[in-house]
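Engineer: The structure is given below, and queries will be raised subsequently.
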Amino acid sequence: MSESQPSCSRGAIRGNVLVVEVLVDQIRDPETSYALRDEILSLMKAGEIHHVVIDLARVKFLGSVGLLAFLAVRRQLESGSIILCKVAEGIQSMLEICLLVSKDPGKMAPFQVEASVDEAVARVG
Numbered sequence: 006m007s008e009s010q011p012s013c014s015r016g017a018i019r020g021n022v023l024v025v026e027v028l029v030d031q032i033r034d035p036e037t038s039y040a041l042r043d044e045i046l047s048l049m050k051a052g053e054i055h056h057v058v059i060d061l062a063r064v065k066f067l068g069s070v071g072l073l074a075f076l077a078v079r080r081q082l083e084s085g086s087i088i089l090c091k092v093a094e095g096i097q098s099m100l101e102i103c104l105l106v107s108k109d110p111g112k113m114a115p116f117q118v119e120a121s122v123d124e125a126v127a128r129v130g
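First residue of the sequence shown? That's 6 in my numbering, and the numbers climb one at a time after it.
Dropping the structure here:
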């Protein structure tokens, strides 16, 4: 991402939880995906992060390259979780089909989903 391009996200740390608001409406190309991944990983270095909450309220399209960005962030968390929130219905369906989230709390999946940022932070905080 060049210096002139705006950020794809902004973050805030709440205890050991990094809350990331995604600022783009589509994550479909490698440039956006890699920039988002790098921004989140950089924010994770700012504190002792155990959980990441990603607010997808603005995101209307998430391509496979976007999934790879989130999986790369997941790999960097040795323990803890990534919780996606405010997920569009079509994106949630795709995540379920790909087995990246589960409606069954007994089944492990790389990501969890909550309706809001506050619910996600409360879940892990």
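Virtual Cβ for every residue (Gly too), placed ideally from N, Cα, C.
Does DSSP put Val-29 in a helix, in a strand, or in coil?
Structural biologist: Val-29 falls in the coil class under three-state DSSP.
Engineer: In terms of alpha-carbon separation, which member of Ile-59, Leu-72, Arg-79 lies closest to Ser-121?
Structural biologist: Checking every option, the nearest Cα to that of Ser-121 belongs to Ile-59.
Engineer: Ala-114 and Leu-105 - do their beta-carbons sit closer together than 7 Å?
Structural biologist: Against a cut-off of 7 Å, the Cβ pair of Ala-114 and Leu-105 comes out as a contact.
Engineer: With which residues is Cys-90 paired in a DSSP beta bridge?
Structural biologist: Paired residues: Asp-60, Glu-119.
Engineer: Using 10 angstroms around the beta-carbon of Ala-40, count the other beta-carbons present and answer buried if the total reaches 16, otherwise exposed.
Structural biologist: Counting Cβ neighbours within 10 Å, Ala-40 comes out buried, since at least 16 surround it.
Engineer: Span of the beta strand (DSSP E) holding Ala-17?
Structural biologist: Start and end: 14 to 19.
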